[in-house]
Amino acid sequence: MQKIKGVYKLFFVFIFLCGNVLAQDSSNVRRVLLFQDNLNKEFASAENSPLLPKDLEHFTTLNFFEIDTSYCIVAKFVRTAYETPFIMKTTTGREPLYVKYGEAHFTLQEIEFVLNIYQNQGLKTQAEYKDYLFLPFTDLTNGELSYAGGRFIDLQIPGGDSILIDFNTAYSPYCAYNDRYSCPIPPAENHLTLKVLAGVKKYKRYPDNE
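Numbered by my numbering, the letters in the sequence shown go through residues 1492 to 1701 in order.
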């Protein structure tokens, strides 16, 4: 009888853990869907969209990889204080000033990575961006499945030693849609040696714009 009770106890613990995992996955999916919806609304707006006129005229939605919560990573955050500000390269002659704010340490597909997280020194003076951090990266999908110049993830300054990095919210810079924009080029050290099959896919312009 004692053994049976023990089995039941383990069973209920298993069910409880599975329920927590499913709840977390559901929360992550809802958050990603909200991100996608907001991004589509931005691109559909004649006032805010980076799209060329013909692209905007035919726009319905951006192409996204299927949501995959395995790309939702709780990384170890390491603050890197006393870094020297530097000019991040862009697709034009623009010279924005950034500083390396910290590092994200994590494992993805059994590979350990460290990505640098940056803070824009111009934006941080604006109230709405005081907690804003910037994660540009490249991976093995670039040029084939996603924008050749890499993708970005928006982050906020964490309150502790961990930070949520959800590659499902990786988006392409405006340069992927319109050549008149100036976009940061992800530093070489932020390259992931795998295919990140999450986030925004490569954009196919309307034929008249090619």
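A virtual CB, placed ideally from N, CA and C, is assigned to each residue, including glycine.
Being a predicted model, the structure only gives us computed values, none of them experimental.
For lysine 1545, the enclosing alpha helix (DSSP H) starts and ends at 1544–1549.
Look at glutamate 1594 here: in three-state DSSP terms it is strand. Under the criterion of beta carbons closer than 8 angstroms, tyrosine 1573 and tyrosine 1589 do not qualify as touching, at roughly 15 angstroms. Ranked by how close their Cα comes to the Cα of proline 1664, the residues Glu1680, Ile1644, Cys1563, Asp1630 have Ile1644 in first place.
Straight through space, the alpha carbons of proline 1544 and isoleucine 1654 are spaced by roughly 38 angstroms. In this structure the stretch 1615–1631 does not touch the stretch 1517–1536; the number of beta carbon pairs closer than 8 angstroms is below three.
One Cα belongs to threonine 1660, the other to glycine 1690, and the distance between them is close to 5 angstroms. Here the alpha carbon of asparagine 1607 sits roughly 23 angstroms from the alpha carbon of glycine 1584.
Beta-bridge partners assigned by DSSP to valine 1520: none are found.
Assigned with DSSP and collapsed to three states, cysteine 1674 falls in coil, not helix or strand.
DSSP, read as helix, strand or coil, puts asparagine 1659 in helix.
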